[in-house]
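Engineer: Protein chains in written order, with this note's numbering: chain U, 18 to 95; chain Z, 18 to 95; chain G, 18 to 95; chain L, 18 to 95; chain X, 18 to 95; chain B, 18 to 95.
Backbone N, C-alpha and C define an ideal beta-carbon position, used for all residues, glycine too.
All values reported here derive from a predicted model rather than from experimental measurement.
Have a look at this one.
Number of protein chains: 6
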Amino acid sequence: MSLFDDLIPTLITETPAEGRELAIMIARKTIATIQPDADIRGELRSDYDQDSAKLMQAGQIVAIEFQTIAAANNYWTS
Amino acid sequence: MSLFDDLIPTLITETPAEGRELAIMIARKTIATIQPDADIRGELRSDYDQDSAKLMQAGQIVAIEFQTIAAANNYWTS
Amino acid sequence: MSLFDDLIPTLITETPAEGRELAIMIARKTIATIQPDADIRGELRSDYDQDSAKLMQAGQIVAIEFQTIAAANNYWTS
Amino acid sequence: MSLFDDLIPTLITETPAEGRELAIMIARKTIATIQPDADIRGELRSDYDQDSAKLMQAGQIVAIEFQTIAAANNYWTS
Amino acid sequence: MSLFDDLIPTLITETPAEGRELAIMIARKTIATIQPDADIRGELRSDYDQDSAKLMQAGQIVAIEFQTIAAANNYWTS
Amino acid sequence: MSLFDDLIPTLITETPAEGRELAIMIARKTIATIQPDADIRGELRSDYDQDSAKLMQAGQIVAIEFQTIAAANNYWTS
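Next comes the structure, spelled out in structure tokens:
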């Protein structure tokens with residue numbers, strides 16, 4: 018039984034757009050697993066989403082997660 | 018229904034050049050999803066585009082997104 | 018005989034969720050291998066889990082480990 | 018019509034050396050797309066090319082771009 | 018004749034655990050190649066292994082090396 | 018005609034060890050291409066090789082270059 022069971026039952030999505038949403042969700046939930054306290058995460062949020070370096074750091078994680086999901090879906094080409 | 022539906026209906030492009038444009042667009046829209054306030058993004062822009070480390074951070078994200086898109090298009094070789 | 022023998026007898030998991038848990042576990046144990054002193058790690062924890070840049074750094078490592086595990090499991094599609 | 022049309026009509030090169038040059042060129046042009054003002058880029062250059070961390074940041078981007086180009090060329094083995 | 022001859026005669030290992038050990042060893046030896054002075058490395062060690070950002074930087078390198086080794090071993094599935 | 022012609026006529030090496038040396042060499046020559054002034058590079062060297070974060074940054078680039086070379090050589094398994 019895993020905390021991620023409800024979140025990622027599968028990596029397969031219907032469209033690239035849904036795959037992108039999944040990448041963002043997985044990235045966020047991983048942070049929430051490492052720092053489970055929602056109040057602290059809330060405070061951190063106001064910190065990072067107005068800082069371009071941190072926003073890009075988040076963007077890079079999403080890019081890496083999307084690589085995995087896109088490969089899982091054979092790039093939605095078949 | 019996803020915010021990305023109109024943005025990335027497909028990862029397939031006609032040319033490597035269009036694939037590169039798509040990589041840049043996806044990277045930008047992901048940042049916009051994380052920080053939806055356009056005014057804040059505008060302020061951040063004047064911050065990062067005159068800072069070589071941040072410009073390169075953006076360049077690296079584009080490089081990672083392009084890896085995915087290039088693989089999806091079988092590197093435009095077939 | 019390796020320290021990791023009990024930790025990663027295999028990269029194969031039943032579900033993506035378990036694969037994600039494995040990615041987090043491998044990332045943590047690698048840090049523990051580099052810094053074996055649990056007291057020091059405990060002190061460092063209070064440092065990094067309230068720092069958004071460091072939390073994202075941890076998230077990025079998990080994303081990279083998950084790429085490997087997802088590929089090992091053929092993305093749980095077969 | 019894309020700004021990159023003249024720059025990357027193809028990812029295919031005759032040799033690994035030319036592939037490496039292409040990787041460097043693509044990395045540079047992406048930065049130029051994000052910051053189109055050549056004067057600002059000129060000022061930034063004197064900043065980053067005497068800073069080892071920034072030089073390595075540039076080197077890492079080239080390494081990532083080269084991964085894509087090398088795969089596109091089947092590593093120049095066939 | 019290479020400095021790495023004795024270290025990595027092969028990327029093939031019997032188990033994922035041994036592959037993980039190899040990834041850590043390769044990462045360490047590469048640093049030792051860049052900075053061959055063991056005394057300086059000893060001093061640097063006390064610096065980085067009590068700094069969470071640097072520990073994670075080391076963890077990320079291991080994750081990248083492990084990707085290569087896991088692929089070389091076909092993820093130990095055959 | 019490329020500056021890299023003599024450096025990387027091929028990505029194929031006889032052994033993983035030689036592949037590792039090639040990865041280090043390519044990483045170094047790319048930095049030298051971006052900053053061609055050997056005197057400046059010499060000064061920067063004394064800066065980065067006593068700084069653990071920068072040493073690891075160099076190690077990470079080598080890890081990425083090695084991924085490409087290892088794939089080119091089919092991981093030296095055939």
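#1: For L61 (chain L), return the contacting residues in chain Z, with the cut-off set at a CB-CB distance below 9 Å.
#2: Between I41 (chain Z) and V79 (chain Z), which are expected to be in contact by the criterion C-beta below 8 Å, what is the C-beta distance as a whole number of angstroms?
#3: Is E35 (chain X) close to chain B, meaning its C-beta is less than 9 Å from at least one C-beta of that chain?
#4: So which residues on chain X does E82 (chain G) lean against when the C-beta distance must stay under 8 Å?
#5: Start and end of the alpha helix (DSSP H) containing D66 (chain Z)?
#6: Which residue wins for smallest C-alpha separation from E38 (chain X), given the options G:E31, G:A34, G:L24 and G:R37?
#7: By the DSSP assignment, the alpha helix (DSSP H) with R38 (chain Z) in it spans what residues?
#8: Taking Cβ positions only, does T50 (chain G) come closer than 9 Å to chain X?
#9: Rank U:E82, U:F21, U:A44 and U:T94 by C-alpha distance to the C-alpha of L72 (chain G) and give the top, closest one.
#10: Under 8 Å, with one C-beta from each stretch per pair, do the segment 80-90 of chain X and the segment 85-94 of chain L reach the 3-pair mark?
#11: Go ahead and label E31 (chain L) buried or exposed: buried means 16 or more other beta carbons lie within 10 angstroms of its beta carbon, across all protein chains shown.
#12: Alpha carbon to alpha carbon, what distance is there between D56 (chain Z) and D56 (chain U)?
#13: Using only the alpha-carbon positions, how far apart do L35 (chain B) and T27 (chain G) sit?
#14: Which residues of chain G have a Cβ atom closer than 8 Å to the Cβ of T27 (chain X), listed in chain order?
#15: According to DSSP, is I86 (chain L) helix, strand or coil?
#16: Just to confirm, is the Cβ distance from S63 (chain B) to R62 (chain X) under 9 Å?
#17: Within the same chain, show all residues whose beta-carbon is closer than 6 Å to that of Y65 (chain B), passing over the 5 residues directly before and after it, in chain order.
#18: What residues from chain G crowd round D64 (chain U), counting only those whose CB sits closer than 8 Å?
#19: What residues of chain X sit near D22 (chain G), judged by a beta carbon separation below 8 Å?
#20: What whole-angstrom Cβ distance do Q77 (chain Z) and Q77 (chain L) have, given they're in contact under 8 Å?
#21: Looking at chain Z, is there any beta carbon in it that lies within less than 9 Å of the beta carbon of A55 (chain U)?
#22: Within 9 Å (strictly less), CB to CB, does I41 (chain X) reach chain G?
#23: Counting C-beta neighbours from all protein chains within 10 Å, is the total for P33 (chain U) 16 or more, i.e. buried, or is it exposed?
#24: Can you give the Cα-Cα distance for L58 (chain Z) and E60 (chain U), rounded to whole angstroms?
#25: Compute the Euclidean distance between the alpha carbons of K46 (chain B) and L20 (chain X), then round it to the nearest angstrom.
#26: Going by the CB atoms, is the gap between Q52 (chain G) and Q52 (chain U) shorter than 9 Å?
Structural biologist: Short version:
#1: Neighbours of L61 (chain L) on chain Z, chain order: Q67, D68, S69 and L72.
#2: The distance from the Cβ of I41 (chain Z) to that of V79 (chain Z) is about 5 Å, consistent with a contact at the 8 Å cut-off.
#3: Output row for E35 (chain X): interface = no.
#4: By Cβ distance, chain X contributes A80 and F83.
#5: That residue, D66 (chain Z), is in no alpha helix (DSSP H); it is neither H nor E in DSSP.
#6: Of the listed residues, the one whose Cα sits closest to E38 (chain X) is G:L24.
#7: Correcting the residue type first, residue 38 (chain Z) is Glu in the shown sequence and not Arg. From DSSP, the alpha helix (DSSP H) with E38 (chain Z) extends over P33 to I51.
#8: By this cut-off, T50 (chain G) is an interface position.
#9: Of the listed residues, the one whose Cα sits closest to L72 (chain G) is U:A44.
#10: Taking one beta carbon from each stretch, the segment 80-90 of chain X and the segment 85-94 of chain L have fewer than 3 pairs nearer than 8 Å; the two do not touch.
#11: Classification of E31 (chain L): exposed, given that the 10 Å Cβ count is below 16.
#12: When rounded, the distance between both Cα atoms is 26 Å.
#13: What sits at residue 35 (chain B) in the sequence shown is Glu, not Leu. Across the structure, E35 (chain B) and T27 (chain G) are spaced so that their CA atoms are roughly 29 Å apart.
#14: For T27 (chain X), there are no C-beta contacts with chain G under 8 Å, since the nearest C-beta of that chain is about 16 Å from it.
#15: In this structure, I86 (chain L) counts as helix in the three-state DSSP scheme.
#16: Result no, Cβ atoms of S63 (chain B) and R62 (chain X) do not sit closer than 9 Å.
#17: Same-chain partners within the cutoff: K71.
#18: The answer, in chain order, is S69.
#19: At a beta-carbon threshold of 8 Å, the residues of chain X lying near D22 (chain G) are T32 and A34, ordered along the chain.
#20: Yes, they are in contact, since the Cβ atoms of Q77 (chain Z) and Q77 (chain L) sit about 7 Å apart, within 8 Å.
#21: Residue-level contact by beta carbon fails for A55 (chain U) and chain Z, as no gap is shorter than 9 Å.
#22: With 9 Å as the cut-off, I41 (chain X) counts as an interface residue toward chain G.
#23: Around the Cβ of P33 (chain U), a 10 Å sphere holds 16 or more other Cβ atoms; the residue is buried.
#24: It is Arg, not Leu, that sits at residue 58 (chain Z) in the sequence shown. Between R58 (chain Z) and E60 (chain U), the C-alpha separation is close to 19 Å.
#25: Spanning the two alpha carbons is a distance of roughly 19 Å.
#26: No Cβ-Cβ contact shorter than 9 Å links Q52 (chain U) with Q52 (chain G).
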